[in-house]
Amino acid sequence: MKKRLALILLLCFSLTMLVTGCTGQPAQTPQNGTQEQTQQPADKSFQTIKDQGYFTLGLDDAFPPMGFREEGTNDIVGFDIDMAKEAAKRMGVDVKFQPVIWDVALEELNNGKVDVVWNGMTITPARQEKIAFTEPYITDKQIIVVQKGSTLADKKALAGKKVGIQAASSAIEAVEKDKATFDSLGELVQFDNNVDALLDLKSGRIDAVVVDEVVGRYYLAKHVEDYQVLTENFGEESFGVGLRKSDVTFLAELQKALDAMKADGTSKQISEKWFGEDLIN
527 MKKRLALILL LCFSLTMLVT GCTGQPAQTP QNGTQEQTQQ PADKSFQTIK DQGYFTLGLD
587 DAFPPMGFRE EGTNDIVGFD IDMAKEAAKR MGVDVKFQPV IWDVALEELN NGKVDVVWNG
647 MTITPARQEK IAFTEPYITD KQIIVVQKGS TLADKKALAG KKVGIQAASS AIEAVEKDKA
707 TFDSLGELVQ FDNNVDALLD LKSGRIDAVV VDEVVGRYYL AKHVEDYQVL TENFGEESFG
767 VGLRKSDVTF LAELQKALDA MKADGTSKQI SEKWFGEDLI N
């Protein structure tokens, strides 16, 4: 009997300990308030920029009026250059300019050789798969430029013709989307930059050039005797600043600066300086 009673008491004690263990107080949060070790570290991209005192901007330096070499001084100037300098000042850092080959610009960004690509870059789904963008700051079109006095009047007239275009540009995507026109072309000739394409058009080596409107009209304003623009175009698109997808805090600070520039009219002033009108979204 005593043995049975002892056994019952032992079982009761064991059950009590088991219940207490299952319903005990939750584990205490560490005194310093830190989360579990598995939490992802905060993005430090903007802090890194602040610590080094500048960010590096990649661009095609033959892309007037967005970014190009000024005759006489060889300085890099342009609409995007002025925008970047102002944004950098508002973020409390400097900006350095690094010319890149345009068809590898995104690779240069993602491998860390530059921190942004800021050069009239169109926001496209293909690019969004690789990099992050600020909100659009300008709406643009892909226009068709021909020689002054050309008999070419519309996209149908491009059938069998040689059309120039910048390599790795959004103009290629715009033309390819217009399947009827694209399939009718004699040849789509790719150039390292738009200036070379326009020079070949002037000399008659190609029949037309498809180019960003902001670039084409700026260049045409300086060479009115050589070129004209067709009424038809290959559709609208938007420009944005490209950053690495991992640079979340840098993107947020840059967008904050751009928003402030738009709100106080600074972006409008820069636009009017380079385009003669306000093109800011």
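To get this note's numbering, take the position in the sequence shown, counting from 1, and add 526. By construction, the Cβ of each residue, glycine as well, lies at the ideal position given by its N, Cα and C atoms.
{"Asked": "Integer-rounded CB distance, given that valine 774 should sit under 8 Å from isoleucine 664", "Found": "Wrong, their Cβ atoms sit about 24 Å apart, outside the cutoff."}
{"Asked": "N- and C-terminal bounds of the alpha helix (DSSP H) containing leucine 784", "Found": "774-789"}
{"Asked": "Beta-carbon proximity of glutamine 673 to leucine 727, cut-off 8 Å", "Found": "yes"}
{"Asked": "For valine 755 and serine 696, the rounded distance between their alpha carbons", "Found": "19 Å"}
{"Asked": "Reduced DSSP secondary structure (H/G/I, E/B, other) of serine 676", "Found": "coil"}
{"Asked": "Residue span of the beta strand (DSSP E) that contains aspartate 586, given as start and end", "Found": "Element bounds for aspartate 586: n/a, residue is neither H nor E."}
{"Asked": "Asparagine 759 - containing beta strand (DSSP E), residue span", "Found": "753-765"}
{"Asked": "First through last residue of the alpha helix (DSSP H) which encompasses valine 701", "Found": "696-703"}
{"Asked": "Same chain, Cβ closer than 7 Å to threonine 650, neighbours up to 5 away in sequence not counted", "Found": "Ser696, Glu699"}
{"Asked": "Where the alpha helix (DSSP H) containing lysine 576 begins and where it ends", "Found": "571-578"}
{"Asked": "Buried or exposed (CB count within 10 angstroms, at least 16 for buried), tyrosine 580", "Found": "exposed"}
{"Asked": "Neighbour-count burial assignment, glutamate 702, 16 or more Cβ in a 10 Å radius", "Found": "exposed"}
{"Asked": "Closest by C-alpha distance to glutamate 612, when choosing among Phe623, Gly791, Pro590, Met787", "Found": "Met787"}
{"Asked": "Expected contact under 8 Å - CB spacing of valine 671 and tyrosine 744 to nearest Å", "Found": "Not quite, the Cβ-Cβ distance comes to about 12 Å (not below 8 Å), so this is no contact."}
{"Asked": "Assigned exposure category for glutamate 779 - 16 Cβ within 10 Å defines buried", "Found": "buried"}
{"Asked": "Buried versus exposed call for asparagine 720 [16 or more other C-beta atoms within 10 Å across all chains shown]", "Found": "buried"}
{"Asked": "Inter-residue spacing [alpha-carbon to alpha-carbon] between phenylalanine 623 and alanine 588", "Found": "13 Å"}
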